[in-house]
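Peer 1: Structure provided below as structure tokens; questions to follow.
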Amino acid sequence: MILLYHKVDLDVKSHWYVSADQFDRQMAALQSYDVVYLDNYDPSNPRHAVITFDGIYESVGRYAAPILEKWGYPYELFVIGDHIGGDNAFDKGEPLERFATIEMLSDMSRRGARIQWHTASHGRLDHLGERLGEELDVPQTLRDVFDTCHFRWFAYPHDIGRSRDPDGIIARAVEQRFAGALAVDAGSSTDRYRFNRLTVLESTRVPGASRISIIIANYNYGRYLAESIDSVLRQTHPPDEILVIDDASSDETPGVLTAFANQVKVVVNEVNLGIVENFRKAVSLTTGDYVGFLGADNRMRSDYVERTRAALDNNSDAAVAYTDMTIFGPLAEILAAKVKAPKSPTGETYHWEFPDPTPEVVEGIDKRNFIHGSSLFRRSWYDRVGGYEKSSDAEDHDLFRRMLKAGARSVRVPHRLIEYRQHSNEQANTVLSLQLRINALERTNRELREHLAKMGIVSKSVKNQFELTKMAPNVVARPATKLNWTDDGLQIEALNNDPGIVILLPNNREKWLGVRAIYRFDQAGVAQLYTRTDDEEAFSADSQIIKPIKRGWNFLSLSIQREAPISALRFDMCDRPGKLLFHELVVFSV
12 MILLYHKVDL
22 DVKSHWYVSA
32 DQFDRQMAAL
42 QSYDVVYLDN
52 YDPSNPRHAV
62 ITFDGIYESV
72 GRYAAPILEK
82 WGYPYELFVI
92 GDHIGGDNAF
102 DKGEPLERFA
112 TIEMLSDMSR
122 RGARIQWHTA
132 SHGRLDHLGE
142 RLGEELDVPQ
152 TLRDVFDTCH
162 FRWFAYPHDI
172 GRSRDPDGII
182 ARAVEQRFAG
192 ALAVDAGSST
202 DRYRFNRLTV
212 LESTRVPGAS
222 RISIIIANYN
232 YGRYLAESID
242 SVLRQTHPPD
252 EILVIDDASS
262 DETPGVLTAF
272 ANQVKVVVNE
282 VNLGIVENFR
292 KAVSLTTGDY
302 VGFLGADNRM
312 RSDYVERTRA
322 ALDNNSDAAV
332 AYTDMTIFGP
342 LAEILAAKVK
352 APKSPTGETY
362 HWEFPDPTPE
372 VVEGIDKRNF
382 IHGSSLFRRS
392 WYDRVGGYEK
402 SSDAEDHDLF
412 RRMLKAGARS
422 VRVPHRLIEY
432 RQHSNEQANT
442 VLSLQLRINA
452 LERTNRELRE
462 HLAKMGIVSK
472 SVKNQFELTK
482 MAPNVVARPA
492 TKLNWTDDGL
502 QIEALNNDPG
512 IVILLPNNRE
522 KWLGVRAIYR
532 FDQAGVAQLY
542 TRTDDEEAFS
552 ADSQIIKPIK
562 RGWNFLSLSI
572 QREAPISALR
582 FDMCDRPGKL
592 LFHELVVFSV
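Take 12 as the starting number for the sequence shown in the working numbering and just add one per residue.
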């Protein structure tokens, strides 16, 4: 395949222009090809591609050359000898443009270009007689500027078929002077002196270019969804399709989807399918060769599609391209500590670098997933291993493990292309390990005790239930009015994400004081949360209300009134009912 360009500029001013942005995307699409010089071109090799330009305008040097250098592609420049450094005033109907100077051509030759011949004047070659050589011969002054690898190829300025060259005079003259030639219209895919070219326009899609599908999976993340969608729309190389699939959300999601309905494809499930079935449905509704998922609470860096697509295009045996991440959000510090991600210079985000897919890393895929869920994967491998399946492991870990076990390779893109938001422990795709939760609770209690100490409140840590029982009679409640509560009381959330686990997440760190929340379990596995509540009619005789917590993902918004008698704050961690792994009790006394 030989591509023909004329003008690359910021704006598309006529039929012959390609915008710089679109040119960059077209170059990205060539990553699955071997881009070569004409001297190395094998027309029988379907992976070979050649990039050529005719006329060589200044805009080619200004806009196309840096992009070609970025991608590392060689290219061919067919110059019109008499117009080097001039303009295209002869080309009626086209915007006036300057041709590249000798200095610009020399600069491009040092950056990967080879200079070739497109006649002296761009005039017709038939009926020239003895003057034919004047159009075909490259002036010695030009040959002296460039070395012998240049001016080996010729590009016809106009169609020269048998009717215009019945005796083959022009064809023989070209063959005597050049190693090969490119036709205008009626060319050949095999004749070295009449090779065809594909004229590339703004709307041209590179043949065989991989198609990209990005899926944004949402469930009750309407507050973040607009950011997520916008990050995909702002890609330097936009995906071919963007699907937002909503798994029956009950929050503000519908309004966000309406706002973006004209820019993305939207699918809303009538009932909640759950992660695996929702993901399977989403993939089935897309057509891309490469598929990537983005959580509705996360964001893509603007070059995600460009870089991950190039990685798969350049590695035909790779099933998945994964990236590094930036961790951000109110809980970023917790995950960063777990994965040992260093803090960014700004101190607000963390840089999470993933390991390269060495044999040792790949061998350990059963125990550790080094490929995150927002990686770009090849649809053919997805189909080959059966797609997403229900598993005891995370859905992405299970999928990528099966790909690697089946013989696929993975490739790491060493750039932080995913911005991974850590905002709450209920994130289905970021549930931290039990030890990580324990670390978070230990830190919470430490900060609480430090805050109490500043207020002159004595705090003690009780490490077991026996010690709690022994100390309980001596607990003296500090008057709630001296704890600086507001009239609205203190808001907390209670999260139960596994049987026997409760995490208390204060909404406002300045109002942690005075919460009494005791999580208790029994051998039957019935979990109960004892706490104060703003429902005065529900108070028990001892000012406590029993609130049952179902197994699974549950959220309870509890408002504690300022009049509540406060004595203790306790966090319990258990891996199953009846087995206490950790608890910390903070006792308040005057």
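For each residue, glycine too, the CB sits at the ideal point set by N, CA and C.
By Cβ distance, which residues of its chain are closer than 6 Å to Val287, with the 5 residues on each side in sequence left out?
Peer 2: Numbered from its first residue, the sequence shown carries residue 287 at position 276. Contacts found: Tyr399, Lys401 and Glu406.
Peer 1: Output needed for Arg208: all residues of its chain with C-beta closer than 6 Å, excluding positions within five of it in sequence on either side, in chain order.
Peer 2: As a first step, residue 208 must be located in the sequence shown, where it is residue number 197. Only Ile13, Leu15 and Leu193 meet the Cβ criterion.
Peer 1: Could you have a look at Ser132 and say whether DSSP puts it in helix, strand or coil?
Peer 2: Counting from 1 along the sequence shown, the entry for residue 132 is found at position 121. Note: Ser132 maps to coil in three-state DSSP.
Peer 1: Per the contact definition of three or more C-beta pairs closer than 8 Å, is the segment 313-324 in contact with the segment 236-248?
Peer 2: With the cut-off at 8 Å, the segment 236-248 and the segment 313-324 touch.
Peer 1: For Asn229, name the three-state secondary structure that DSSP assigns.
Peer 2: The residue you call residue 229 lines up with position 218 of the sequence shown. Note: Asn229 maps to strand in three-state DSSP.
Peer 1: By DSSP's criteria, Asp45 is part of a beta bridge. Which residues make up the other side?
Peer 2: Within the sequence shown, numbered from 1, the residue matching residue 45 stands at position 34. Per DSSP, His59.
Peer 1: Give the list of continuous alpha helix (DSSP H) stretches no shorter than 4 residues that lie fully inside the segment 86-134.
Peer 2: Within the segment 86-134, the complete alpha helix (DSSP H) runs of at least 4 residues are 113-121.
Peer 1: Buried or exposed: Gly233, going by 16 or more other Cβ atoms within 10 Å of its Cβ?
Peer 2: The residue labelled residue 233 in the question sits at position 222 within the sequence shown. Its Cβ being crowded by 16 or more others within 10 Å, Gly233 is buried.
Peer 1: Which same chain residues end up closer than 8 Å to Asp170 when comparing Cβ atoms and leaving out the 5 residues on each side of it in sequence?
Peer 2: Here residue 170 corresponds to residue number 159 of the sequence shown, with the count starting at 1. Once the five neighbours on either side are set aside, the close Cβ partners of Asp170 are Ala194, Val195, Asp196 and Ala197.
Peer 1: So what does DSSP say about Glu252, is it helix, strand or coil?
Peer 2: In the sequence shown, the residue the question calls residue 252 occupies position 241. Of the three classes helix, strand and coil, the one that applies to Glu252 here is strand, per DSSP.
Peer 1: In angstroms, rounded to a whole number, what distance separates the CA positions of Phe339 and His362?
Peer 2: On the sequence shown, residue 339 is found 328 positions in, with the first residue counted as 1. On the sequence shown, residue 362 is found 351 positions in, with the first residue counted as 1. Spanning the two alpha carbons is a distance of roughly 9 Å.
Peer 1: What are the start and end residues of the alpha helix (DSSP H) that includes Leu410?
Peer 2: On the sequence shown, residue 410 is found 399 positions in, with the first residue counted as 1. Counting along the chain, the alpha helix (DSSP H) containing Leu410 begins and ends at Glu406 to Lys416.
Peer 1: Where does the unbroken beta strand (DSSP E) through Ala194 begin, and where does it stop?
Peer 2: Here the question's residue 194 lines up with position 183 in the sequence shown. Neither: Ala194 is in no beta strand (DSSP E) and is coded neither H nor E.
Peer 1: For Ile181, which residues of its own chain have a beta-carbon under 6 Å away from its beta-carbon, when the five flanking residues on both sides are left out?
Peer 2: Start at 1 with the first residue of the sequence shown, and residue 181 comes out as number 170. Taken in chain order, the residues that qualify are Leu136 and Ile171.
Peer 1: Should the segment 95-106 be called in touch with the segment 136-145, which here means at least 3 C-beta pairs below 8 Å?
Peer 2: No, the segment 95-106 is not in contact with the segment 136-145.
Peer 1: Less than 6 Å between C-beta atoms, sequence neighbours within five positions excluded: which residues of the same chain meet that for Val185?
Peer 2: Here the question's residue 185 lines up with position 174 in the sequence shown. If we look at Val185 and ignore the five residues flanking it on each side, its Cβ neighbours are Phe165 and Ala192.
Peer 1: Suppose the cutoff is 7 Å on Cβ atoms and the five residues either side in sequence are ignored; what does the same chain contact list for Asp93 look like?
Peer 2: Position 82 of the sequence shown holds residue 93. Cβ neighbours of Asp93 beyond the five flanking positions: Ala131 and Ser132.
Peer 1: Assuming contact is defined by CB atoms lying nearer than 8 Å, are Arg188 and Leu143 in contact in what I supplied?
Peer 2: Here residue 188 corresponds to residue number 177 of the sequence shown, with the count starting at 1. Here residue 143 corresponds to residue number 132 of the sequence shown, with the count starting at 1. No.
Peer 1: What do you get for Pro359, buried or exposed, if any count of 16 or more other CB atoms within 10 angstroms of its CB means buried?
Peer 2: Within the sequence shown, residue 359 is the residue found at index 348, counting from 1. Looking at the sequence provided, one finds Glu at residue 359 rather than Pro. It is exposed - the Cβ of Glu359 has fewer than 16 other Cβ atoms within 10 Å.
Peer 1: By how many angstroms is the C-alpha of Asp377 removed from the C-alpha of Arg412?
Peer 2: Indexing the sequence shown from 1 puts residue 412 at position 401. Indexing the sequence shown from 1 puts residue 377 at position 366. Whole-angstrom Cα-Cα distance: 7 Å.
Peer 1: Hey, Ser224 and Leu254: beta-carbon distance below 8 Å or not?
Peer 2: Here residue 224 refers to the residue found at position 213 when the sequence shown is read from its first residue. Here residue 254 refers to the residue found at position 243 when the sequence shown is read from its first residue. Yes.
Peer 1: If you drop the 5 nearest sequence neighbours on each side, which residues of the same chain put their C-beta closer than 8 Å to that of Val424?
Peer 2: Mapped onto the sequence shown, residue 424 falls at position 413. Excluding positions up to five away in sequence, the list reads Arg318, Thr319, Ala322, Ala332, Tyr333, Thr334 and Asp335.
Peer 1: What's the C-alpha gap between Tyr204 and Asp251?
Peer 2: Working through the sequence shown from its first residue, we reach residue 204 at position 193. Working through the sequence shown from its first residue, we reach residue 251 at position 240. Those two C-alpha atoms are separated by around 37 Å.
Peer 1: List the DSSP bridge partners of Trp164.
Peer 2: In the sequence shown, counting from the first residue as 1, residue 164 sits at position 153. DSSP output for Trp164 lists Gly191 as bridge partner(s).
Peer 1: Report the CB separation of Tyr74 from Leu21 in whole angstroms; it is logged as a contact under 8 Å.
Peer 2: Within the sequence shown, numbered from 1, the residue matching residue 74 stands at position 63. Within the sequence shown, numbered from 1, the residue matching residue 21 stands at position 10. Their Cβ separation, rounded to whole angstroms, is 7 Å, which keeps Tyr74 and Leu21 in contact under 8 Å.
Peer 1: Between Gly123 and the rest of its own chain, which residues show a CB-CB distance below 6 Å, the 5 nearest in sequence each way excluded?
Peer 2: By 1-based counting over the sequence shown, the position of residue 123 is 112. Same-chain partners within the cutoff: Pro85.
Peer 1: May I ask you to report which of helix, strand or coil DSSP gives Gln261?
Peer 2: By one-based count along the sequence shown, residue 261 stands at place 250. The residue asked about is misnamed: residue 261 is Ser in this sequence, not Gln. Three-state result, Ser261: coil.
Peer 1: Mark Glu145 as exposed unless 16 or more other C-beta atoms lie within 10 angstroms of its C-beta, in which case mark it buried.
Peer 2: Working through the sequence shown from its first residue, we reach residue 145 at position 134. With fewer than 16 other Cβ atoms within 10 Å, it is exposed.
Peer 1: Could you check whether Val71 and Val149 sit closer than 8 Å to each other, using their CB atoms as the reference points?
Peer 2: In the sequence shown, residue 149 corresponds to position 138, counting from 1. In the sequence shown, residue 71 corresponds to position 60, counting from 1. Against a cut-off of 8 Å, the Cβ pair of Val71 and Val149 comes out as no contact.
Peer 1: Just to confirm the assignment, what range does the alpha helix (DSSP H) spanning Lys401 have?
Peer 2: Reading the sequence shown from its first residue, position 390 is the one you call residue 401. No alpha helix (DSSP H) contains Lys401, which DSSP labels as neither H nor E.
Peer 1: Leaving aside the five residues before and after Thr297 along the sequence, list all residues of the same chain whose C-beta is less than 8 Å from its C-beta, in chain order.
Peer 2: Here the question's residue 297 lines up with position 286 in the sequence shown. Cβ within range, chain order: Ser224, Ile226, Glu252 and Leu254.
Peer 1: Pull up the DSSP beta-bridge partners for Asp4, would you.
Peer 2: Given that the chain is displayed from residue 12 to residue 601, the structure contains no residue 4 and the question cannot be resolved.
Peer 1: Is it the case that the Cβ atoms of Tyr68 and Arg121 are separated by a distance below 8 Å?
Peer 2: In the sequence shown, the residue the question calls residue 68 occupies position 57. In the sequence shown, the residue the question calls residue 121 occupies position 110. For Tyr68 and Arg121, no; Cβs fall outside 8 Å.
Peer 1: Measure the C-alpha to C-alpha separation of Val23 and Ile78 and round it to an integer number of angstroms.
Peer 2: Here the question's residue 23 lines up with position 12 in the sequence shown. Here the question's residue 78 lines up with position 67 in the sequence shown. Cα-Cα distance, rounded: 17 Å.
Peer 1: State yes or no: is the C-beta of Ile256 within less than 8 Å of the C-beta of Ala228?
Peer 2: For the purposes of this step, residue 256 is identified with residue 245 of the sequence shown, where counting begins at 1. For the purposes of this step, residue 228 is identified with residue 217 of the sequence shown, where counting begins at 1. A contact, by the Cβ cut-off of 8 Å.
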